[in-house]
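Structure, as structure tokens:
As structure tokens, then:
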């Protein structure tokens, strides 16, 4: 088969999407736009109406949906939903590839890969790192892990959802990266709301405050890159040079944030958590080290 035939085969290959929340719908439309026949299934069948109008085929059962394609993409609330939906269709899984783009834990991702293998199916874990409106655009990227040959065999199709970033064979790796990215994202969101509430006590509207706060959030990456040519290298080496910022200095700042928040009557959960990291490092005698030393207490429970 020549390359032109290969491209045609990939373009026309059938894909199944199970789970039609905003993400599942966006993925289905990206696949339809690229010329793939797409079969869909959702617990609430009415969510498929617009997709069917756009050319998708609605399966009557999960088993029918699985049997329609060699590649089955799952976009669900969590991994338990996969078992709830597919436990009655396991006889149809043999020889197919399940790509689970749902959020859960790395442990559950590994368990799911074992479960799929027991039913003679291949399994890839994925984490979509953009909101639904950005799926299929140049700005989209998706982390994957699982067997390399399985990833390679579906690369052309998966690229339609966003630039694939393959992390390795361990099916838990993509989920680990996804949760790590979400830890940064959700903590930042909470920090933005805390700061907005803080400024609100002085009469500043969110419409005034957030643009200023978002500028600060945008600058964090540049600040870290300016401090170290390759961020993370010193951390990997166990080095915490305190020439630019120390634990003591940052800890004093965290104290001021707690005191300010307390005086304003704001919830203290977030600032107290941050303060605890610095106090632990200071108590361990690392006050003159770089702020990265706080990773010790974060790792302590590992």
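Numbering (our numbering), first residue to last: 21 to 322. Backbone N, C-alpha and C define an ideal beta-carbon position, used for all residues, glycine too. For clarity, every value in this text was computed on a predicted model and none was experimentally measured.
Q) For residue 150, which three-state DSSP category applies? A) Coil.
Q. Shortest alpha-carbon distance to residue 80 belongs to which of 109, 311, 205?
A. Checked all of 109, 311, 205; the closest Cα to residue 80 is 109.
Q: Would you kindly check if the distance between the Cβ of residue 120 and the Cβ of residue 145 is under 8 Å?
A: Yes, these two residues count as a Cβ contact at 8 Å.
Q. Should residue 134 be labelled buried (16 or more other beta-carbon atoms within 10 Å of its own) or exposed?
A. So residue 134 ends up on the exposed side.
Q | Straight-line gap, residue 118 to residue 178 (C-alpha atoms, nearest Å) | A | The straight-line gap from Cα to Cα measures roughly 12 Å.
Q: Would you please state the rounded distance, in angstroms, between the beta carbons of residue 60 and residue 76? I believe it to be under 8 Å.
A: The pair is a contact, with the Cβ atoms about 5 Å apart (cut-off 8 Å).
Q. Is it right to say residue 103 is buried, meaning 16 or more other beta carbons lie within 10 angstroms of its own, or is it exposed?
A. So residue 103 ends up on the exposed side.
Q: List the whole-angstrom C-beta distance separating residue 184 from residue 198, where the pair is believed to meet the contact cut-off of C-beta under 8 Å.
A: In fact, because the Cβ distance is near 14 Å, the residues do not count as touching under 8 Å.
Q. Expressed to the nearest angstrom, what Euclidean distance is found between the alpha-carbon atoms of residue 142 and residue 223?
A. Their Cα atoms are separated by approximately 56 Å.
Q. In this structure, does DSSP put residue 161 in helix, strand or coil?
A. Look at residue 161 here: in three-state DSSP terms it is strand.
Q. What is the DSSP secondary structure of residue 166, reduced to helix, strand or coil?
A. DSSP, reduced to helix, strand and coil, places residue 166 within a strand of the structure shown.
Q | Residues bridged to residue 324 [DSSP beta-bridge criterion] | A | Here the chain covers residues 21 to 322 and nothing more, so residue 324 does not appear.
Q | Where residue 42 falls, given that 16 or more other Cβ within 10 Å makes a residue buried | A | Exposed, since its Cβ has fewer than 16 Cβ neighbours within 10 Å.
Q.
Strictly by DSSP, which residues pair up with residue 303?
A. According to DSSP, which records beta bridges pairwise, residue 303 is partnered with nothing at all.
(Q) If contacts are defined as beta-carbon pairs under 8 Å, then residue 267 and residue 302 qualify, I think. What distance do you get, rounded to the angstrom? (A) Yes, they are in contact, since the Cβ atoms of residue 267 and residue 302 sit about 6 Å apart, within 8 Å.
Q: Give the secondary structure of residue 308 by DSSP, where H, G and I count as helix, E and B as strand, and everything else as coil.
A: Shown here, residue 308 sits in coil according to DSSP, grouped into three states, outside any helix or strand.
Q. What's the C-alpha gap between residue 62 and residue 189?
A. Distance between the alpha carbons of residue 62 and residue 189: 30 Å.
Q) Between residue 167 and residue 130, what straight-line distance do the alpha-carbon atoms span, to the nearest angstrom? A) The alpha-carbon atoms of residue 167 and residue 130 are separated by roughly 12 Å.
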